[in-house]
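Using this note's numbering, the first residue of the sequence shown is number 242, and each one after it goes up by one.
Even glycine gets a Cβ: it sits at the ideal position worked out from N, Cα and C.
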Amino acid sequence: MSKFRRGNQRTGNRRPRERERKRSEFEGVSWIDGKLCTQNLVPGQKVYEERLMSKGGVEYRAWDPQRSKPAAAIYNGLNHFPMKKGLKILYLGFASGTTGSHFSDIIGPEGIIYGIEISDRVLRESLPLCHKRKNIVPLLMNARKPEDYSWVESVDFIFADVAIPDMTEVFIRNAKVFLKDGGFGMLTIKSRSIDVTARPEDIYKRERVKLEEFFTVTDFVTLDPHERDHGFFVVKRK
């Protein structure tokens, strides 16, 4: 596998030609009528005006690649998505919980998400969601300071989506504290938050070198055209 595998090429305002792409199958994720979906943990409840669908008497929520970077990565051909039922997750950059709600669906009531968010205004927006979904614990914390939430238990998985220049370093710092040996992680890299003058491909290579000091990189895709100039890494702790 090449080190840097593109997702869809830039297509301006055109949507990706999704029907021609092989659909990857992952635990807790389904394709219904050509749409990526997760089984709704709270039937009848939407989170962000997503479409609700039914199959075999079970309700699913469409996972919008325009609103969630992991969904964009899957649409763009991600081969490795190591999330499953019962996982304990540390989520850096939880925001209002759009992506977190789909993770909540996947891990089910047996799992738990510790959602780290620095903005009190944004975190407040997630509180109704967290009230309905008992497997999410929202925490008003700074991801750059894992010592402030050191009481959080060891986790199986870390996800990070924070548009800051030192995203990779923050991800590694948290992994050293919380991620179990052999645990997995995913992180998004917004290249323009790191260096607006460099080519995104060069930034992804540089960040990969940093990650490989601590992790094995198991997959990588770019997120164009869903998210411009973003890279998406999947890693495993060595």
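Does the beta-carbon of residue i have 16 or more other beta-carbons within 10 angstroms, so that it is buried, or is it exposed?
| i | result |
| --- | --- |
| P441 | buried |
| P306 | buried |
| I354 | buried |
| T438 | exposed |
| A404 | exposed |
| V411 | buried |
| R469 | exposed |
| H372 | exposed |
| I273 | exposed |
| G424 | buried |
| R302 | buried |
| D465 | buried |
| G426 | buried |
| P350 | exposed |
| P284 | exposed |
To which residues of the same chain is residue i closer than 8 Å at the C-beta, ignoring the five residues directly before and after it?
| i | result |
| --- | --- |
| V270 | L277, C278, T279, W304, I315, F322 and I347 |
| K325 | E268, G269, I347 and I348 |
| M545 | Residue 545 is absent from the model: the chain starts at 242 and stops at 479. |
| V363 | A336 and S337 |
| S434 | A404, I405, P406 and M408 |
| K287 | L293 and R302 |
| P387 | R414, N415, V418 and F419 |
Report back the beta-carbon spacing between residue i and residue j to the nearest angstrom; my notes put them in contact at under 8 Å.
| i | j | result |
| --- | --- | --- |
| A313 | H467 | 4 Å |
| K375 | G352 | Not quite, the Cβ-Cβ distance comes to about 11 Å (not below 8 Å), so this is no contact. |
| K479 | T457 | 6 Å |
| N281 | E300 | 5 Å |
| D568 | G334 | The requested residue 568 does not occur in the structure, where the chain is confined to residues 242 to 479. |
| N317 | T459 | Rounded, the Cβ-Cβ distance is 16 Å, inconsistent with contact. |
Within the same chain, show all residues whose beta-carbon is closer than 7 Å to that of residue i, passing over the 5 residues directly before and after it, in chain order.
| i | result |
| --- | --- |
| L368 | P379 |
| S309 | T339, T340 and H343 |
| S345 | L282, I354, R374, N376 and I377 |
| P311 | T340 and M427 |
| R385 | V411 |
| D422 | R478 |
Going along the chain, which residues of its own chain have a beta-carbon closer than 6 Å to the beta-carbon of residue i, five neighbours each way excluded?
| i | result |
| --- | --- |
| G338 | S367 and L370 |
| L331 | Y355, V396, I399 and F419 |
| D407 | none |
| F455 | I413 |
| R292 | A303 |
Can you give, in chain order, each stretch of the alpha helix (DSSP H) that sits fully within the segment 316-357 and has at least 4 residues? Counting only runs of at least 4 residues, the segment 316-357 fully encloses the following alpha helix (DSSP H) elements, listed from N- to C-terminal order: 339-348.
4 or more residues per run - each alpha helix (DSSP H) lying fully within the segment 379-449: 408-419 and 432-435
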